[in-house]
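Peer 1: In UniProt numbering, the protein residues as written are 1 to 563.
Each residue gets a CB set at the ideal place from its N, CA and C atoms; glycine is no exception.
Note that the structure is a prediction, hence the values are computed from the model and not measured.
(1) Excluding five sequence neighbours on each side, which residues of the same chain lie with their C-beta closer than 6 Å to the C-beta of residue 179?
(2) Can we say the stretch 148–166 touches the stretch 116–126, given the rule of at least three CB pairs closer than 8 Å?
(3) With a cut-off of 8 Å on the beta carbons, I'd call residue 375 and residue 402 a contact; round off their distance for me.
(4) Look at residue 84 and residue 97 and say whether their C-beta atoms are less than 7 Å apart.
(5) Confirm, please, whether the CB-CB distance from residue 206 to residue 141 is below 7 Å.
(6) In or out: residue 388 buried (at least 16 other Cβ within 10 Å) or exposed?
(7) Can you tell me which of 257, 90, 269 and 270 puts its alpha carbon nearest to the alpha carbon of residue 343?
(8) Give a yes or no on contact between the stretch 44–56 and the stretch 68–78, applying the rule of three or more CB pairs nearer than 8 Å.
(9) Counting C-beta neighbours from all protein chains within 10 Å, is the total for residue 391 16 or more, i.e. buried, or is it exposed?
(10) Do you know how far the Cα of residue 197 is from the Cα of residue 168?
(11) Mind checking which residues open and close the beta strand (DSSP E) that includes residue 382?
(12) For residue 116, is the classification buried or exposed, using 16 other Cβ atoms within 10 angstroms of its Cβ as the cut-off for buried?
(13) Tell me whether residue 147 is buried or exposed, calling it buried when 16 or more other Cβ atoms sit within 10 Å of its Cβ.
(14) Whole angstroms is fine: what's the gap from residue 40's alpha carbon to residue 137's?
(15) Got a sec, what are the start and stop residues for the beta strand (DSSP E) residue 164 sits in?
(16) Helix or strand or just coil, what does DSSP make of residue 231?
(17) Are the beta-carbon atoms of residue 131 and residue 78 separated by less than 7 Å?
(18) Within the same chain, show all residues whose beta-carbon is closer than 8 Å to that of residue 331, passing over the 5 residues directly before and after it, in chain order.
(19) Am I right that residue 435 and residue 416 are in contact with their C-beta atoms under 8 Å? What's the rounded C-beta distance?
(20) Count the other C-beta atoms from every protein chain shown that fall within 10 angstroms of the C-beta of residue 27, then say buried if there are 16 or more, exposed otherwise.
(21) Could you check whether residue 348 and residue 299 sit closer than 7 Å to each other, using their CB atoms as the reference points?
(22) When DSSP labels each residue in this structure, what does residue 294 get in the three-state scheme?
(23) Per DSSP, what kind of secondary structure is residue 545 in: helix, strand or coil?
(24) Select from 222, 203 and 220 the residue whose C-alpha is nearest the C-alpha of residue 213.
(25) Does the separation of the CB atoms of residue 438 and residue 411 fall below 7 Å?
(26) Given this structure, state the Cα-to-Cα distance separating residue 432 from residue 226, to the nearest angstrom.
(27) For residue 548 and residue 249, what's the separation of their Cα atoms in angstroms?
(28) Using only CA atoms, which one of 74, 118 and 57 lies nearest to residue 92?
(29) Where do the N-terminal and C-terminal ends of the beta strand (DSSP E) with residue 263 fall, by residue?
(30) Could you tell me if residue 155 is buried or exposed, where buried requires 16 or more neighbouring beta carbons within 10 angstroms of its beta carbon?
(31) What residue from 255, 358, 229 and 451 has the CA that sits closest to residue 215's CA?
(32) Within the same chain, show all residues whose beta-carbon is closer than 6 Å to that of residue 243, passing over the 5 residues directly before and after it, in chain order.
(33) Name the DSSP bridge partner or partners of residue 94?
(34) If residue 380 sits next to residue 364, beta carbons under 8 Å apart, how far is it from one beta carbon to the other, in whole angstroms?
(35) Could you spell out where the beta strand (DSSP E) holding residue 141 opens and where it closes?
(36) When you compare the CB of residue 216 with every CB in chain D, is at least one pair closer than 7 Å?
And the structure:
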């Protein structure tokens, strides 16, 4: 009879507690077992579940709650200790951006009991787990903290201040440690955070949504301040240092876009999506691919077809842009950027064969870049083209109230066969050999580009047979006329352009071409006339020839008496 009475009392206490929790949170609640020890003022529980049984918000395998004796005569409920083992918190952000924890208590009518003050001195959790599912991402993102130990103190339901404490948990194969202020309702965090060996692949759902790329590999280590929720006006803030190792990022076609052996980002300050500052960034062995596909799309900016269709549909229906209309840009500042032993690869798949340009051993730096000022940031990059041809890029850039900058690119003895597909398409011939010296200067002023490009072509030789295409430029003949005895073609090519397009000063180029031809006529008249008639093939006609049969001068008499 005593046992039966004990079981009935236990069931009744569990049932009563479940009803009170359900009425105060607005969520279904159940407790498998609840026992009260009056000698120690301790409630022992087992099998607590809050929320939909199919997807509960929280579950607790077992735990205990120790009351302060003062609760017997003072108003409210004062708890000295809550000890939980096997607690699991399930946080979900739905497609509209609403967090499930923020809905706790909604729709409940306040009464005298539910308005009771609750004070908790200390909470301890072992073998805890926290899952966060973001259904705004596609595919949905999920982060899981496991093997969590947690210690929190100083909760008061009548005070807005968060709890203070520390936590440690496993995230994938890495580990996180945190200490500071935290409150789940309303969601608030201001923490000193330390992470070790965190797998960057866990960020893929959010990276795919923002940039349509995915991380193939990479680990992160860092320490600093992480604040979110009410602590920073419902935004997210990070201030601290981050180190990356073995990073590899792929585009939507599975091509390598970016690789890094190591990266050190010091004194980062990130607030929301419009504030990014860093004291310094050092990139060791970065590997960057810039690729133009067959349709002219750039791998760094192209979007999946589904996103393009959605954007087109939204535009046709007059939907507002995701970029917002505030008219304010991103606040971005960088004290210094350093690149060590980098590789830059360019591929143009519009050409057949594909044009490929590889610059390796890239060393460079940029200093004092800031979008809030018009003071230009200076940059320098130096490297070697694949056959050890030196390439140098220097200049300055300002992204303040208007885009301004200048850049110079210089290279000597760059093999022209790298660009043979361009000559083949637009000039009609394949390049057999030749080199180019480049001295290119570009000026950017409020979106308008002017260029003064000096190009020296040396020993340019074309294939004997023209390619079957639509090109009509008499390229072989033009090369023969321009090359002097030393095999050099020397041209200045001015360009004026805007972000929407540009134009080459054809008149200036033509005048240079005529000048080169006249100079060659004066110094090497026979060779130049031969090139005008036959192209650059000096063996096309010999002394036994019966006469010229092609070229712009093919009808000119070559022997006395010819008509």
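Peer 2: To lay it out plainly:
(1) 166 and 192
(2) yes
(3) With a Cβ gap of about 13 Å, residue 375 and residue 402 do not count as contacting.
(4) Not a contact, by the Cβ cut-off of 7 Å.
(5) yes
(6) exposed
(7) Minimum Cα distance to residue 343 is reached at 257.
(8) no
(9) buried
(10) 14 Å
(11) 377–385
(12) exposed
(13) exposed
(14) 48 Å
(15) 163–171
(16) helix
(17) no
(18) 274, 275, 276, 277, 371 and 372
(19) 6 Å
(20) It is buried - the Cβ of residue 27 has at least 16 other Cβ atoms within 10 Å.
(21) The Cβ atoms of residue 299 and residue 348 lie no closer than 7 Å to each other.
(22) Coil.
(23) For residue 545, the pLDDT reaches just 34, beneath the cut-off of 50, and the residue's location in the model is therefore unreliable, although a value from the coordinates is still provided. Here residue 545 sits in coil by DSSP.
(24) Out of 222, 203 and 220, the CA that lies nearest to the CA of residue 213 is found in 203.
(25) yes
(26) 59 Å
(27) Reliability fails at residue 548, whose pLDDT of 33 lies under 50, so the model's placement of it is uncertain and no value is given.
(28) 57
(29) Unbroken beta strand (DSSP E) run through residue 263: 256–271.
(30) buried
(31) 255
(32) 221 and 264
(33) BP columns for residue 94 are empty, so no partner.
(34) Rounded, the Cβ-Cβ distance is 5 Å, consistent with contact.
(35) 141–156
(36) Going by chain labels, chain D is absent from the structure shown, which holds only one protein chain.
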